[in-house]
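Residue numbers (the working numbering), protein chains in the order written: chain X, 1 to 114; chain E, 1001 to 1113.
Structure, rendered in structure tokens:
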């Protein structure tokens, strides 16, 4: 399995500001994903980060709110824009293993918006 | 109806007990299936993939019934360290045509001394 790191691990932000979360993987991976886990709930897929092209967003998530970059096969960023308290959540990046459908998750970024 | 349904629990069981979790899914075209374990304030960790023939890993046994669209996880000889939330995950084709993970809400297990 891949080793995945995320920065920052946590942050407290004011409403109206933006936060960029970084995800770094120790090996090249084709598929990277960004998820949100709201308090007491399970994970919801925000988007698939595609290398060299625009991310693919799930229903309910838009690029203006959650812009994603994927400059290479080991790195991606997710920005949470114009934050409101409803964006308080854990944001996790995930990668798919080579040749399988198994996914591995980063440690998450715990975001609190005040 | 949720795409992946689990009993949220909590299941409180004594050490050494056998406990089983069930999960149902609605998309008959689902391709692959997994159980993840999530400890409090941690990321989900892959526990095991679930194969059509069923599979076992130590004290853990997973089974898949495609006809009934049902997945199960059996934990034998429960340990205190098994206390966690167990997430049922189905890999199914989304509206965009690509496969994606769909998570159940998780079943909380607490093993008591």
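Don't be surprised by glycine CBs; every beta carbon is placed ideally from N, CA and C.
A straight-line Cα-Cα distance of about 43 Å links residue 1050 of chain E and residue 16 of chain X.
The straight-line gap separating the alpha-carbon atoms of residue 1101 of chain E and residue 1004 of chain E is approximately 10 Å. Non-local C-beta neighbours of residue 1110 of chain E in its own chain, meaning closer than 6 Å and more than five positions away in sequence, comprise 1010, 1012, 1083, ordered along the chain. For the 8 Å CB-CB criterion, residue 4 of chain X and residue 106 of chain X form a contact.
Of all alpha-carbon atoms in E/1092, E/1055, E/1097, E/1038, the one lying nearest the alpha-carbon of residue 1027 of chain E is that of E/1092.
Rounded to the nearest whole angstrom, the C-alpha separation of residue 1095 of chain E and residue 59 of chain X is 9 Å.
Around the beta carbon of residue 14 of chain X, a 10 Å sphere encloses fewer than 16 other beta carbons of the protein chains shown; the residue is thus reported as exposed. For residue 1007 of chain E, there is no enclosing beta strand (DSSP E), as DSSP gives it neither H nor E. Scanning its chain for C-beta atoms nearer than 8 Å, with the 5 sequence neighbours on each side dropped, one finds around residue 114 of chain X the residues 12, 13, 14, 15, 85, in chain order. Within chain X, no residue has its beta carbon less than 8 Å from that of residue 1107 of chain E; the closest one is some 11 Å off. Contact annotation: the segment 65-77 of chain X touches the segment 17-28 of chain X, with at least three C-beta pairs closer than 8 Å. The C-alpha of residue 57 of chain X lies about 16 Å from the C-alpha of residue 95 of chain X. Distance check between residue 93 of chain X and each of X/52, X/53, X/43 places X/43 closest, using alpha-carbon atoms only.
Counting only runs of 4+ residues, no alpha helix (DSSP H) is found wholly inside the segment 46-98 of chain X.
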